[in-house]
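Inspection log for the structure reproduced underneath, given as C-alpha cells.
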Amino acid sequence: MKKVKKDPISATDFLNDPIEYNKSFSRGIKIVSGGVATLFISGTASLDEKGDTYCPNNFTAQAKRVFANISSLLASKGACWHNVVQTRCYLKYIRRDYRKFNEIRNWFYKKEKLNPYPASVCIGARLCRDELLVEIEAIAILPNRNVRPFKQNNSRNK
Amino acid sequence: MKKVKKDPISATDFLNDPIEYNKSFSRGIKIVSGGVATLFISGTASLDEKGDTYCPNNFTAQAKRVFANISSLLASKGACWHNVVQTRCYLKYIRRDYRKFNEIRNWFYKKEKLNPYPASVCIGARLCRDELLVEIEAIAILPNRNVRPFKQNNSRNK
Amino acid sequence: MKKVKKDPISATDFLNDPIEYNKSFSRGIKIVSGGVATLFISGTASLDEKGDTYCPNNFTAQAKRVFANISSLLASKGACWHNVVQTRCYLKYIRRDYRKFNEIRNWFYKKEKLNPYPASVCIGARLCRDELLVEIEAIAILPNRNVRPFKQNNSRNK
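Residue numbers (numbering that gives the first Met the number 0), protein chains in the order written: chain A, 0 to 157; chain B, 0 to 157; chain C, 0 to 157.
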C-alpha cells in the first residue's frame, strides 16, 4: 500500500465541481487515519450549482451562501459545523466588511449552537473572481464510524 | 459518539478571548486522535489581555508580543514551540518588514533552541485591524499523555 | 516523551535550505501519528539550489519550478503528488495569472495522473521577494511504512 485513500468531497446540488469549469482541484478531500476522518474543505466562495457567482458584490448574501455551501460539503460526508476545528477566512475588503462578516458568523454559529467556536484566521486577500467578496476554507474532524474504536485495556478485571 | 472532542485553547492572562469582543472564534482548538494531541492555534496578533492592540504600528514590539501570545496559548495545554510543526505568517507590509521579521524570528527560535525549525509560509496580507502589522497561526503536535502509548508487540519473547 | 519527532524535509539538489540565507524555517516537516506520516510542505516558490529566484517575472517558468520543487521535497520522503491532500496557492497577480496558473496546474496534474485532485485554495497575496509570482504550500499524507498496519480482528475465524 503506497497511498492513504483520498475520498473527494462534492455537493453538486449546491455548488458545482471545479472540474466542470476546467479547474483541477476538489471541493474537499476526506482521509481516514488514527480512528478519525479529516475533511479538508477547499476554499469555498459564493458559487451556485452551475458554477456561477451567487449575488455578485452583495457581501451578506455571499457570506450566507458560503456557510451554506460548506454545510452541504460537510453533510455529504455525514459531518456538520460541530466537527469544524478550524476555518480560514479571506475577505476582499476586510476594512469594510470585517464587522459585517462577524455579525453573520455570530448569527450562523449561534443558530448552529456551536460551542466551542472553531479556531480561525481572517485576512484580506484578492480572490479568484473579481466579484467574489468572501471565501472560507475549513478543516473538520470526526470519528470514523467504520473503524473500531480503540479498545480499553481491561486486563486487570479479567 | 458523533464528535471528536474540541477543547478550546485560551490564555486570558496574555490575550483576551474573542468572545469578549463579540467575535465567534476560539484562540485555538485542541483535538486528540491517533495517540497525539493537535493544537490549532488561531491567527494571533499583538493583542493584550484586554483585547487592545499592543504597540500599534511598532513592528518589533508587535512581533515579540505575537510570539509571546502564542507561547502562552501553547503553554495552556502543556506545549511549547518545540511542538510547533508549522506556522503561517501574515505581514501587513511584507516588503518593508520581512527582513526585520526574520531577525526577530531567528532570535526567538534560537532562544527557544528550536531544531529543526517549523515548516512555514509568510505572505503579505491586510489584517483585521488597521494598526496590526503581523499575525501568525500555528499547528502544534504533541503526545497525548492521557493516551496509553501504542504497545510494542513482544509476543515472540513470551 | 514530551515531543512527537519532527523530521525536517529538504531537497538541496533543487532548492536550498532556508537556513543558508538566515531564514529560520524548514522546507517542510514530517511527523508520524496514527499509522500515517504527514508532510507539511512550507510555502515553496521558484527558487533554485543556490537560493536564487528562478526566472524572475516569468510566470509559466516559475509555476513549473514550484511544482518541481515540491515534487523533490515530497520525493525526499518517498512521497509524490498522489499523496497531496491539500494545496494553498498564492499568486502575486491573481487577476492576470489565475487562468494561466490553472492551465499549468491542469497540465501538471494530468501528467501525474492525479485522481482525485487535492483540496485547494488560491488567493492573491504579496510574496516575500518582489520578483516572485507564485508560491504553493502543501499537505501530504502517506502510510508510515515503519508502523505495523492496524491488525484486522479475525477472532471469529479462530
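We put the beta carbon where it would ideally sit given N, CA and C, even for glycine.
To which residues of the same chain is residue i closer than 8 angstroms at the C-beta, ignoring the five residues directly before and after it?
{"i": "C:Leu90", "result": "Asp96, Tyr97, Phe100, Cys121, Ile122, Gly123, Ala124, Leu132 and Val133"}
{"i": "C:Cys54", "result": "Ser45, Ala60, Gln61 and Arg64"}
{"i": "A:Glu111", "result": "Cys79, Trp80 and His81"}
{"i": "A:Tyr116", "result": "Tyr108"}
Can you name the residues of chain C whose CB is closer than 9 angstroms to the CB of residue i?
{"i": "A:Leu126", "result": "Ile93, Cys121, Ile122 and Gly123"}
{"i": "B:Ser160", "result": "Absent from the structure is residue 160 of chain B, since the part of chain B shown begins at 0 and ends at 157."}
{"i": "B:Leu72", "result": "Going along chain C, no residue has its Cβ under 9 angstroms from B:Leu72, so there is no contact; the nearest lies around 18 angstroms."}
Applying the criterion that 16 or more other CB atoms from any shown protein chain within 10 Å of the CB defines a buried residue, is residue i buried or exposed?
{"i": "A:Thr50", "result": "Residue identity check: residue 50 of chain A is Gly in the sequence provided, not Thr. Exposed."}
{"i": "A:Glu19", "result": "exposed"}
{"i": "C:Lys5", "result": "buried"}
{"i": "C:Thr86", "result": "buried"}
{"i": "B:Lys76", "result": "buried"}
Assuming residue i contacts residue j under a Cβ cut-off of 8 angstroms, what Cβ separation, rounded to an integer in Å, is found between them?
{"i": "C:Ser23", "j": "B:Asn105", "result": "5 angstroms"}
{"i": "B:Glu130", "j": "B:Asn21", "result": "Not really, about 19 angstroms apart at Cβ, beyond 8 angstroms."}
{"i": "A:Asn82", "j": "A:Ala118", "result": "About 13 angstroms; that fails the 8 angstroms criterion."}
{"i": "B:Gly33", "j": "A:Ser32", "result": "6 angstroms"}
{"i": "C:Arg128", "j": "C:Thr52", "result": "6 angstroms"}
{"i": "C:Phe107", "j": "C:Phe66", "result": "5 angstroms"}
{"i": "B:Val84", "j": "C:Phe39", "result": "6 angstroms"}
Using a Cβ-Cβ cutoff of less than 7 angstroms, which residues in the same chain neighbour residue i once the five nearest sequence positions on both sides are dropped?
{"i": "B:Ser41", "result": "Phe24, Ser25, Arg26, Gly27 and Glu136"}
{"i": "B:Leu113", "result": "Trp80 and His81"}
{"i": "A:Leu126", "result": "Ala44, Tyr89, Lys91 and Glu134"}
{"i": "B:Lys157", "result": "Because B:Lys157 carries a pLDDT of 34, less than 50, the predicted location of this residue cannot be relied on, and no value is offered for it."}
Ordered along the chain, which non-local residues of its own chain (more than five positions away) have a Cβ less than 6 angstroms from that of residue i?
{"i": "C:Ile93", "result": "Gly123"}
{"i": "B:Asn68", "result": "Phe13, Leu14 and Thr43"}
{"i": "C:Leu141", "result": "Ala36, Ala78 and Asn82"}
{"i": "B:Pro7", "result": "Ser25"}
{"i": "A:Asp47", "result": "Tyr53"}
{"i": "B:Pro17", "result": "Phe24"}
{"i": "B:Ile103", "result": "Ala62"}
{"i": "B:Thr11", "result": "none"}
Could you work out which residues of chain B lie near residue i, taking near to mean beta carbons separated by less than 8 angstroms?
{"i": "A:Gln61", "result": "Here the premise fails: no neighbours, minimum Cβ distance about 18 angstroms."}
{"i": "C:Glu111", "result": "Near C:Glu111 there are no residues of chain B at all, since even the closest Cβ is about 22 angstroms away, more than 8 angstroms."}
Could you list which residues in chain A have their beta carbon closer than 7 angstroms to that of residue i, in chain order?
{"i": "B:Pro7", "result": "Pro115"}
{"i": "C:Tyr108", "result": "Ser23"}
Check the Cβ of residue i against every Cβ in chain A and list those closer than 9 angstroms, keeping chain order.
{"i": "C:Ile40", "result": "Chain A residues near C:Ile40: none, gap ~14 angstroms exceeds 9 angstroms."}
{"i": "B:Tyr53", "result": "None at all; the shortest Cβ gap to chain A is about 18 angstroms."}
{"i": "C:Asn105", "result": "Asn21, Lys22 and Ser23"}
Applying a beta-carbon distance threshold of less than 7 angstroms, which residues of chain C neighbour residue i?
{"i": "A:Val83", "result": "Near A:Val83 there are no residues of chain C at all, since even the closest Cβ is about 14 angstroms away, more than 7 angstroms."}
{"i": "B:Pro17", "result": "Near B:Pro17 there are no residues of chain C at all, since even the closest Cβ is about 22 angstroms away, more than 7 angstroms."}
{"i": "A:Lys76", "result": "Residues of chain C passing the Cβ test: none, with the nearest at roughly 12 angstroms."}
{"i": "A:Glu136", "result": "Val120"}
{"i": "A:Tyr97", "result": "Residues of chain C passing the Cβ test: none, with the nearest at roughly 16 angstroms."}
In chain A, what lies closer than 8 angstroms to residue i by C-beta?
{"i": "B:Ile28", "result": "Val84, Gln85, Pro115, Pro117 and Ala118"}
{"i": "B:Asp129", "result": "Arg94"}
{"i": "C:Asn101", "result": "Asn21, Lys22 and Ser23"}
**OP:** Specify whether the region 64-74 of chain C and the region 25-40 of chain C touch according to this definition: at least 3 beta carbon pairs, one from each stretch, less than 8 angstroms apart.
**Re:** Cβ pair count under 8 angstroms is three or more, so yes.
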